[in-house]
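Enquirer: Got a structure for you, questions after.
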Amino acid sequence: MRKLVSYFVRPVCGFGLIVGALFFAASLTPSLIPRNYVVQGVLSGIGFISGYGIGVLLRGLWRYLELPRLPGPVLRIVNPVAGIACLVLMATALYHTKSWQNSVRSVVGMDPVESGYPFSVCLIAIVTFGILLFLARAVIGFGKTLARKFYNRFPRRISVVAGVALAGFLTITLTNGVLVEYTFRLLDRSFQQYDALLEPDRPQPLIAERSGSKESRLDWRELGRAGREFVASGPTAAEIAEFNQTEALEPIRLYAGLQVADTPQERAQLLLQELIRTNAFDRSALVIITPTGTGWVDPSAMDGLEYLLNGDVASVALQYSYLNSPMALVFQPESGLESAQALFRTVYGYWKQLAPDQRPKLYLHGLSLGAFNSQRALTLFDILGDPIHGALWSGPPFPSEMWRSLTNGREPGTPEWLPVVGNGRFVRFMNQNGTFDQENGSWGDVRFVFLQYASDAITFFEKSLFYQEADWMKAPRGPDVSASLEWYPVVSMLQVLIDMPLADTVPMGYGHVYAPEHYLDAWLEVAAIDNWSPEKIDALKALLIKRAQEDDGYEYRGG
Numbered sequence: 001m002r003k004l005v006s007y008f009v010r011p012v013c014g015f016g017l018i019v020g021a022l023f024f025a026a027s028l029t030p031s032l033i034p035r036n037y038v039v040q041g042v043l044s045g046i047g048f049i050s051g052y053g054i055g056v057l058l059r060g061l062w063r064y065l066e067l068p069r070l071p072g073p074v075l076r077i078v079n080p081v082a083g084i085a086c087l088v089l090m091a092t093a094l095y096h097t098k099s100w101q102n103s104v105r106s107v108v109g110m111d112p113v114e115s116g117y118p119f120s121v122c123l124i125a126i127v128t129f130g131i132l133l134f135l136a137r138a139v140i141g142f143g144k145t146l147a148r149k150f151y152n153r154f155p156r157r158i159s160v161v162a163g164v165a166l167a168g169f170l171t172i173t174l175t176n177g178v179l180v181e182y183t184f185r186l187l188d189r190s191f192q193q194y195d196a197l198l199e200p201d202r203p204q205p206l207i208a209e210r211s212g213s214k215e216s217r218l219d220w221r222e223l224g225r226a227g228r229e230f231v232a233s234g235p236t237a238a239e240i241a242e243f244n245q246t247e248a249l250e251p252i253r254l255y256a257g258l259q260v261a262d263t264p265q266e267r268a269q270l271l272l273q274e275l276i277r278t279n280a281f282d283r284s285a286l287v288i289i290t291p292t293g294t295g296w297v298d299p300s301a302m303d304g305l306e307y308l309l310n311g312d313v314a315s316v317a318l319q320y321s322y323l324n325s326p327m328a329l330v331f332q333p334e335s336g337l338e339s340a341q342a343l344f345r346t347v348y349g350y351w352k353q354l355a356p357d358q359r360p361k362l363y364l365h366g367l368s369l370g371a372f373n374s375q376r377a378l379t380l381f382d383i384l385g386d387p388i389h390g391a392l393w394s395g396p397p398f399p400s401e402m403w404r405s406l407t408n409g410r411e412p413g414t415p416e417w418l419p420v421v422g423n424g425r426f427v428r429f430m431n432q433n434g435t436f437d438q439e440n441g442s443w444g445d446v447r448f449v450f451l452q453y454a455s456d457a458i459t460f461f462e463k464s465l466f467y468q469e470a471d472w473m474k475a476p477r478g479p480d481v482s483a484s485l486e487w488y489p490v491v492s493m494l495q496v497l498i499d500m501p502l503a504d505t506v507p508m509g510y511g512h513v514y515a516p517e518h519y520l521d522a523w524l525e526v527a528a529i530d531n532w533s534p535e536k537i538d539a540l541k542a543l544l545i546k547r548a549q550e551d552d553g554y555e556y557r558g559g
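223 is the number that full-length UniProt numbering gives to position 223 of the sequence shown; each next residue is one higher, with no gaps.
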């Protein structure tokens, strides 16, 4: 027992502390999303333990290779000097924390903070470092215990490496097989119960053009929380007519939750029947929406289009998960694709059988994980003979293969955060300020638009940040990225990784919170709408922003 206790409380590695201090200081520098002192403290603790671990590994490798060490007299001078230099560096970084965070807050429309709370950051970082160090030593101690089993058959060094590797493997296996599975079941049950809640402020729709109405074949209670929000919100025909000063149609909004049928194919067939019931194929436009992980559809995305088309539009969405997008991507990676494919192929299969001059224009839309799965559901062979008319994908997450391929193939001289692909005939990228400032060719028959913000960590996270600077960090930078942001090995990857779950905590129009006025600009391009004057468009933007500020339904909860 005494040996076990002494193992956990043994002195720390001096060289590891030096590298850890460098990582700690780097972690305080700005990234894409503002951080409060709690998040900053946790991040700095993770950065410190990461640097410490790298330092311990490098020192161990140096000794393992039996390379020469510095003489004792030299070390007695170098160690104090290095320690003092690291303390000065850390103190300097802590002093600049407030200004660094304010440099991020200023470009994403947030008020400045009065303090960086350096003492609170240090305390939280120390606690985080201590916990992670304890866990790491526990795994290594377990590995050394296993290594002793190999001493009789293998050399000592090989035994130690094998024992630690086996301990790491067993720890990861145990975590994934037991802890992750238990966590998934617990979260799934919690999200399922939340999804089933009936909100008193979301009454059942009375109009026939909505799922869950009395005329609908889909039960209101089975639409799910996000589905009920989608079909019960949005502008009515009367509101559209009042703004547009002309008669308007009632927009069609259809949604199927997970409870309406057992399989995605069955749910898609029910939605097709709903589309036929509401005469959706007689409208001028039909939008197939792939929601986020929770089933949420961003109201900012559809309201503007319904005004632009005077209500002559139908939109349809199919839920595939209760979990938020990061959890759905980890725990249910294929459910979103299966659902998106089922809905697209069911609707597209019916749509392409109609006469081209008697069917609506067909568009796709998705936000975040919805954009990811919507892109995956669309293949060249699905639309080669009879193409759809376009798509609007907002905040595509970094694993999106189509987005990544187009971004990597951009025209030279155009930035990663707002690339130009070819002459912009089929694909364009937009942000708060529109497309990249260069001459685009005329649109073709099919129009794909990616709406993305440079400050969206969910879009611009890259694993390669571990060892190299990302292109979006280089000049010219996006308008919502701090000029003080710098790249640091390992640390920058950790920073942007932490930014991802924080990307929806910034004001609308930054990070992963997409604004109605920017959606409107994108739909004007995708749907080829050119009969609105600039003054009327500005008035509609003001109306949509007002709705967003007044309606709690606009609060980003998609995950």
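Even for Gly, the Cβ is constructed at its ideal location relative to N, Cα and C.
Can you tell me which of the three DSSP states isoleucine 126 falls into?
Expert: Residue numbering aside, residue 126 sits at position 126 when the sequence shown is read from its first letter. Helix at isoleucine 126.
Enquirer: Quick one: using the 10 Å Cβ neighbour count with 16 as the cut-off for buried, is glycine 409 buried or exposed?
Expert: Numbered from its first residue, the sequence shown carries residue 409 at position 409. Under this definition glycine 409 is an exposed residue.
Enquirer: Serine 315 bridges to which residues according to DSSP?
Expert: Mapped onto the sequence shown, residue 315 falls at position 315. According to DSSP, which records beta bridges pairwise, serine 315 is partnered with Arg253 and Val287.
Enquirer: So, for tyrosine 556: in the same chain, excluding its five sequence neighbours on each side, which residues have a beta-carbon less than 6 Å away from its beta-carbon?
Expert: Start at 1 with the first residue of the sequence shown, and residue 556 comes out as number 556. Here the model assigns tyrosine 556 a pLDDT of 40, short of 50, so the residue's position is not dependable, and the following value carries that caveat. Result list for tyrosine 556: Asp504 and Val513, in chain order.
Enquirer: Can you list, in chain order, the residues of its chain whose CB lies under 6 Å from that of isoleucine 498, leaving out five sequence neighbours each side?
Expert: The residue you call residue 498 lines up with position 498 of the sequence shown. Cβ neighbours of isoleucine 498 beyond the five flanking positions: Leu43.
Enquirer: Just how far apart, CA to CA, sit leucine 544 and lysine 463?
Expert: Numbered from its first residue, the sequence shown carries residue 544 at position 544. Numbered from its first residue, the sequence shown carries residue 463 at position 463. The straight-line gap from Cα to Cα measures roughly 37 Å.
Enquirer: Under the rule that 16 or more other beta-carbon atoms within 10 Å means buried, what is alanine 55, buried or exposed?
Expert: Looking up residue 55 in the sequence shown gives position 55. Note that residue 55 is glycine in the sequence shown, not alanine. It is buried - the Cβ of glycine 55 has at least 16 other Cβ atoms within 10 Å.
Enquirer: Return yes when the Cβ of alanine 371 is within less than 9 Å of the Cβ of glutamate 416, no when it is not.
Expert: As a first step, residue 416 must be located in the sequence shown, where it is residue number 416. As a first step, residue 371 must be located in the sequence shown, where it is residue number 371. For glutamate 416 and alanine 371, no; Cβs fall outside 9 Å.
Enquirer: Output yes or no for whether 9 Å exceeds the beta carbon distance between phenylalanine 398 and threonine 459.
Expert: Position 398 of the sequence shown, counted from the first residue, corresponds to residue 398. Position 459 of the sequence shown, counted from the first residue, corresponds to residue 459. Yes.
Enquirer: Would valine 104 and leucine 32 be called neighbours here (beta carbons separated by less than 9 Å)?
Expert: As a first step, residue 104 must be located in the sequence shown, where it is residue number 104. As a first step, residue 32 must be located in the sequence shown, where it is residue number 32. In contact: valine 104 and leucine 32 (Cβ atoms closer than 9 Å).
Enquirer: Return the CA-CA distance between tyrosine 554 and isoleucine 49, expressed in angstroms with no decimal places.
Expert: Numbered from its first residue, the sequence shown carries residue 554 at position 554. Numbered from its first residue, the sequence shown carries residue 49 at position 49. Residue placement at tyrosine 554 is poorly supported in this model, since its pLDDT is 42, which falls under 50; the coordinates still yield a value, given next. Cα to Cα, the separation comes out at about 39 Å.
Enquirer: What did DSSP end up calling leucine 133 once you bin it into helix, strand or coil?
Expert: The residue given as residue 133 occupies position 133 in the sequence shown. Helix at leucine 133.
Enquirer: Short of 6 Å in beta carbon distance, which residues of its chain neighbour leucine 392, apart from the five on each side in sequence? Order them along the chain.
Expert: Walking along the sequence shown from the start, residue 392 turns up at place 392. Answer for leucine 392: His365, Val449, Ala522 and Val526, listed in chain order.
Enquirer: For the 8 Å Cβ check, are there 3 or more pairs between the stretch 125-136 and the stretch 88-108?
Expert: The answer is no - the stretch 88-108 does not touch the stretch 125-136, with fewer than three Cβ pairs under 8 Å.
Enquirer: For serine 492 and glycine 47, I'd like the C-alpha separation in whole angstroms.
Expert: To locate residue 492, count along the sequence shown from 1; it is residue 492. To locate residue 47, count along the sequence shown from 1; it is residue 47. If you take the alpha carbons of serine 492 and glycine 47, they lie about 10 Å apart.
Enquirer: Pick out the complete beta strand (DSSP E) segments inside the stretch 446-503, 3 residues or longer, and give them in chain order.
Expert: Listed in chain order, the complete beta strand (DSSP E) runs (minimum 3 residues) inside the stretch 446-503 are 447-451.
Enquirer: Could you name the residues of the same chain whose beta carbon sits closer than 6 Å to that of proline 264, not counting the 5 residues immediately before and after it, in chain order?
Expert: Counting from 1 along the sequence shown, the entry for residue 264 is found at position 264. Glu338, Ser339 and Ala342, listed in sequence order.
Enquirer: CA-CA distance, serine 120 and proline 30?
Expert: One-based indexing of the sequence shown puts residue 120 at position 120. One-based indexing of the sequence shown puts residue 30 at position 30. Taking the straight line from one Cα to the other gives about 18 Å.
Enquirer: Closest to valine 496 by CA distance: which of Ala208, Gly390, Ile529 and Ala457 is it?
Expert: Along the sequence shown, one-based indexing puts residue 496 at 496. The residue with the shortest Cα to Cα distance from valine 496 is Ala457.
Enquirer: Within 10 angstroms of its Cβ, does arginine 547 collect 16 or more other Cβ (buried), or is it exposed?
Expert: As a working note, residue 547 is residue 547 in the sequence shown. Buried.
Enquirer: Between the C-alpha atoms of asparagine 431 and proline 112, what's the straight-line distance to the nearest angstrom?
Expert: For the purposes of this step, residue 431 is taken as the residue at position 431 of the sequence shown. For the purposes of this step, residue 112 is taken as the residue at position 112 of the sequence shown. Straight-line Cα distance between these residues: approximately 24 Å.
Enquirer: Taking a contact to mean a Cβ-Cβ separation below 9 Å, would you say valine 481 touches valine 107 in this structure?
Expert: For the purposes of this step, residue 481 is identified with residue 481 of the sequence shown, where counting begins at 1. For the purposes of this step, residue 107 is identified with residue 107 of the sequence shown, where counting begins at 1. Yes, these two residues count as a Cβ contact at 9 Å.
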